[in-house]
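Trainee: There's a structure below that I have some questions on.
Residue numbers (my numbering): 114 to 437.
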């Protein structure tokens, strides 16, 4: 059996990551047309930045990772959270914006890692390297750094369990992956508890929350022309896109305008990704909403495979509606 050794990870086509104090990796990014809009493009960029940070921190090339037999292994997203603030939300980003991106990779035990990103506007010169002091890990999890997006991605390595299907993905560790040198995530911040709870409950609802005021059942067919990534898996950012599509259907069912949907601010996005899907799989989508005491819409979405009812993903969004 051949044994494959990974090539050293070299960043290509993007600003180089600069390692700073506390093992935070930083760089400045220019927002281009392929990185923003009322869609999942920016979330896709966050995924790329996660892969880059894991590659730099864990000393391997995640884009060509393989197991000892040479079979592809992929860094998957089990949980993804994007928290906005009043001054900066995903919906505000547009062509030409410059962002300072600071990223840190933390060990969650075994081959699982948590990557956190602190993202703020950058007003310095083009081409300059990131500067300033990033938050400590404790500071990050207070989520109160002004003018920042706070992003968390819980990542596990997976591979296909058989040829020609995205069902039944299994855990696998690539050759050369190391996480023993990373800072261990404190138990109070671990995403494992969130993921376990959400999977058991098939949602983010907690005891004592108000009952849903609106429910909507939808059907979505995975599109071979839109939803898959370059290796044929349902792209993680497509889950976000499907959730946004479901939220838009709910929005319309309430008689709200598309213009208002485009002006909304999603203060908090959470997605727990449980399984993958094949092209042309039919998904059952359930959407529920209630309005909390602050006046925000709290919208829960679940995605299930129509053939057998198995859970693919659950999501929650907290949305601030625009003034009429």
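Backbone N, C-alpha and C fix where the C-beta goes; we use that ideal spot for every residue, glycine too.
Give the DSSP-derived three-state secondary structure of residue 241 in the structure shown.
Mentor: In this prediction, residue 241 scores a pLDDT of 48, lower than 50, which makes its location untrustworthy; the coordinate-derived value is nonetheless stated afterwards. Three-state DSSP puts residue 241 in coil, outside helix and strand.
Trainee: Can you tell me whether residue 205 is helix, strand or coil according to DSSP?
Mentor: Looking at residue 205 - three-state DSSP - the assignment turns out to be helix.
Trainee: Tell whether a beta-carbon distance below 8 Å holds between residue 230 and residue 162.
Mentor: Taking 8 Å as the Cβ cut-off, residue 230 and residue 162 qualify as a contacting pair.
Trainee: Output the residue ranges of the beta strand (DSSP E) runs that lie fully inside the region 268-293 and measure 3 residues or longer, sorted by chain position.
Mentor: For the region 268-293, not a single whole beta strand (DSSP E) run of length 3 or above is found.
Trainee: Is DSSP giving residue 348 helix, strand or coil here?
Mentor: Residue 348 falls in the coil class under three-state DSSP.
Trainee: Quick one, which of 233, 429, 187 and 377 has its alpha-carbon nearest residue 272's?
Mentor: Residue 272 has its Cα closest to that of 187, out of 233, 429, 187 and 377.
Trainee: Classify residue 297: buried if its beta carbon has 16 or more other beta carbons within 10 angstroms, exposed otherwise.
Mentor: Exposed, because fewer than 16 other Cβ atoms sit within 10 Å of the Cβ of residue 297.
Trainee: Select from 207, 417 and 199 the residue whose C-alpha is nearest the C-alpha of residue 434.
Mentor: Among 207, 417 and 199, the Cα nearest to that of residue 434 is on 199.
Trainee: Quick test of the definition: if touching needs 3 or more C-beta pairs under 8 Å, does the region 378-394 touch the region 345-356?
Mentor: In short, these stretches touch, since the Cβ pair count reaches three.
Trainee: Evaluate residue 268 with the Cβ neighbour count: other Cβ atoms within 10 Å of its Cβ, from every protein chain shown; 16 or more gives buried, anything less gives exposed.
Mentor: That one is buried.
Trainee: Please return the same chain residues whose Cβ sits closer than 7 Å to the Cβ of residue 248, not counting the five positions on each side in sequence.
Mentor: For residue 248, where only same-chain residues beyond five positions count, the Cβ hits under 7 Å are 231 and 258.
Trainee: Taking 7 Å as the limit between beta carbons, can you name the residues of its chain near residue 128, skipping five residues before and five after?
Mentor: Result list for residue 128: 140, 141 and 142, in chain order.
Trainee: What is the rounded straight-line gap between the Cα of residue 375 and the Cα of residue 196?
Mentor: Those two C-alpha atoms are separated by around 18 Å.
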